[in-house]
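Report on one structure; see the data block that follows.
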Amino acid sequence: MACVVVMLWSASRLDAQVTPASTDARLLARADSITVGQYCTSVRTILASPVVRDSLGDELENAERDAAAICDPRTARATLGELLGDRPVTLAGVARVESRNVASAAPDVIGAMNDFHRVTRNEAMAPVIKLAIGDSATRVFRREADTAKDLLRRDVRDAALRRLDRYERKLGPHSARLNGVEVVLNYAAQRGVPGFKATPEKGPSPWEVVASYVPMWATIADERAQAVSVGEFGLRYYLFGEKFGASGLRGLLFPYYWSAGALVVSDRNGALVWPGEGKSRVGAYLSWGAFKIGYVGGRSGEVLVSRQLQLIPYVF
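Each residue of the sequence shown is one higher than the one before, counting from 3 in my numbering.
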């Protein structure tokens, strides 16, 4: 019984150590050790074999086209990590000693690697290639091809997670609550207005229309605090960067969003006063997260402060 407990404990420790982060680190380290030129050499070695060429049949033309793209001289010195893993630029690259036009060639190279993996790493071709080029060269090619494929899968996974995170940041529990008018405006905008439309690659747009009545602004007038009812018209921008969307004290520096726009205020201060009542005053506001500050002219001018809050759902 004690042996079983020890074995289970050891297995749980091993599982805990094999985390996605550590797996990604190993993958990126491997990718940094393989250049596209080395991948090209393996591809050329495989296609030089008459047995492989005969076995490829109708796929030979595709494989040769893939080889030509993979062996593009513009990407030969780039590592798989630089091509696919979003790695930092090398010191030589920063110094412009290595000046490569990788970006223009990258889509074709990546697509060719993906297709060549499909053609050569299937059950029918794998044993043929191993027999044709030998065990050692086959192991090298497998390491190169599988590393590129794993990086592509990682990129797809990370892109999906980033899209989901952006949707949660914009539509989740920490986002600004919208009133009925804003719901309709933003629903329409995200369906047809450039800049507000969601995209399959990036997910939701960071922009949002602000058109709200807010009776919870405050100012100091006549040496006392007074409530001010405000009409807000502007834009809100959600911060999708990794360090933003923080909670607690860090949220003051790295909030979920900021917004800016125009304020319309009545010439009479007070809660639940319609902004168009009497002689309206116009100003501007800026928010960083939930905290807002504004200024309106008229009289001697007033500085206003507020916090993003909705008392009645879909109203104000």
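A virtual CB, placed ideally from N, CA and C, is assigned to each residue, including glycine.
Note that the coordinates shown come from a computational prediction; the quantities given were computed from them, not determined experimentally.
Cβ shell of residue i (< 8 Å), same chain only, five flanking positions each side left out
i, result
"residue 309", "218, 292, 293, 294"
"residue 152", "29"
"residue 375", "Coverage of the chain is limited to positions 3 through 318, which leaves residue 375 absent and any answer about it impossible."
"residue 274", "217, 231"
"residue 197", "207, 209"
"residue 104", "76, 77, 80, 84, 85"
"residue 229", "217, 218, 219, 220, 271, 272, 273"
Status (buried if at least 16 other CB within 10 Å, exposed otherwise) for residue i
i, result
"residue 306", "buried"
"residue 175", "exposed"
"residue 231", "buried"
"residue 299", "exposed"
"residue 225", "exposed"
"residue 24", "exposed"
"residue 234", "buried"
"residue 268", "buried"
"residue 50", "exposed"
"residue 202", "exposed"
"residue 240", "buried"
"residue 150", "buried"
"residue 58", "buried"
"residue 316", "exposed"
"residue 271", "buried"
"residue 247", "buried"
Residue i, enclosing beta strand (DSSP E) - first and last residue
i, result
"residue 259", "259-267"
"residue 229", "226-240"
"residue 306", "304-309"
"residue 293", "293-298"
Span of the alpha helix (DSSP H), counted from its first residue to its last, around residue i
i, result
"residue 83", "82-86"
"residue 316", "Counting along the chain, residue 316 falls outside any alpha helix (DSSP H), and DSSP gives it neither H nor E."
"residue 281", "It is not in any alpha helix (DSSP H) - residue 281 carries neither H nor E in the DSSP assignment."
"residue 256", "It is not in any alpha helix (DSSP H) - residue 256 carries neither H nor E in the DSSP assignment."
"residue 118", "104-122"
"residue 130", "127-135"
"residue 62", "62-72"
Interface flag, residue i vs chain B, CB-CB below 8 Å
i, result
"residue 211", "Here there is only one protein chain, and chain B is not present."
Cβ shell of residue i (< 7 Å), same chain only, five flanking positions each side left out
i, result
"residue 200", "192, 206, 207"
"residue 211", "184, 187, 188, 191, 237"
"residue 181", "214, 316, 317, 318"
Own chain, CB closer than 6 Å to residue i, minus 5 neighbours either side, in chain order
i, result
"residue 83", "30, 33, 34, 89"
"residue 45", "69, 72"
"residue 245", "256"
"residue 107", "74, 76, 77"
"residue 312", "179"
"residue 165", "205"
Kindly provide the ranges of any alpha helix (DSSP H) runs that are 4 or more residues long and lie completely inside the stretch 165-214, ordered along the chain.
-> 182-194
Start-end ranges of the alpha helix (DSSP H) lying completely within the stretch 17-52, minimum 4 residues = 22-34, 38-49
Flag this pair as touching only if the stretch 272-290 and the stretch 249-260 have three or more C-beta atom pairs under 8 Å; answer yes or no.
-> yes
Looking at C-beta atoms only, is the number of pairs between the stretch 161-180 and the stretch 128-137 that lie closer than 8 Å three or more?
-> no
Contact the stretch 62-79 vs the stretch 32-48: 3+ CB pairs below 8 Å = yes
Inspect the CB distances between the stretch 117-126 and the stretch 155-167 and report whether three or more fall short of 8 Å.
-> no
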